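Colleague: Attaching a single structure in structure tokens format; questions to follow.
In this note's numbering, the protein residues as written are 815 to 1009.
Quick look at the structure:
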């Protein structure tokens, strides 16, 4: 299937994604994207008529990438505890390596009251996707005795997700990538039956 987006549109999206990660929806403008991509603001409007269109497209692609990554963990590992560790390791690598220091949907969730509804809907969808995957992973782990749940799988999934996103925030606030890994490992230890 042919990609409906041009190479320039993908370049615009990549820069918008990094700007979202750094400062959220209200932390950048088309002028910021224009200077990074080295095209006029009018040219950006040709690809994405509004900022809401641009950001919504970034989030739609981000969600698809996340769903694909989680499905890959299921296919490749098939072990709930290994899957949780791989999920945390992915973010640890991104944060330590500087390729991605924050989940853009977590960043946008903080701005939910101030962002367009169509973007807030996509952000909510990402949280539903992630918490759904985590709940299934935790349920499988509890069924095999690898993991122990103190609450429902749905609640434990949300608690784990909140711990991971909170670890991102703490790492950013402290300026220390190792903080993320340490705090995320505690979230895994909390649900591990070996703990």
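Even for Gly, the Cβ is constructed at its ideal location relative to N, Cα and C.
None of these values were measured; they are calculated from a predicted model.
Identify whether residue 891 lies in helix, strand or coil by the three-state DSSP scheme.
Modeller: Coil, per DSSP.
Colleague: What does the alpha-carbon distance come out to for the pair residue 961 and residue 955?
Modeller: Taking the straight line joining both Cα atoms gives about 5 Å.
Colleague: Entirely within the stretch 831-869 and at least 3 residues each: give me those beta strand (DSSP E) ranges in chain order.
Modeller: Fully enclosed beta strand (DSSP E) runs of 3 or longer: not present.
Colleague: Closer than 8 Å is the cut-off here; do at least three beta carbon pairs connect the stretch 892-902 with the stretch 988-1004?
Modeller: Yes: the two stretches touch, three or more of their Cβ pairs being nearer than 8 Å.
Colleague: Assign residue 961 to one of three DSSP states: helix, strand, or coil.
Modeller: Three-state DSSP puts residue 961 in a strand.
Colleague: Is there contact here, the stretch 939-957 with the stretch 966-983, by at least three beta-carbon pairs under 8 Å?
Modeller: Yes: at least three Cβ pairs fall under 8 Å.
Colleague: So which of 963, 906, 838 and 944 has the shortest CA-CA distance to residue 976?
Modeller: Among 963, 906, 838 and 944, the Cα nearest to that of residue 976 belongs to 944.
Colleague: Quick one: is residue 913 buried, meaning 16 or more other Cβ sit within 10 Å of its Cβ, or exposed?
Modeller: Classification of residue 913: exposed, given that the 10 Å Cβ count is below 16.
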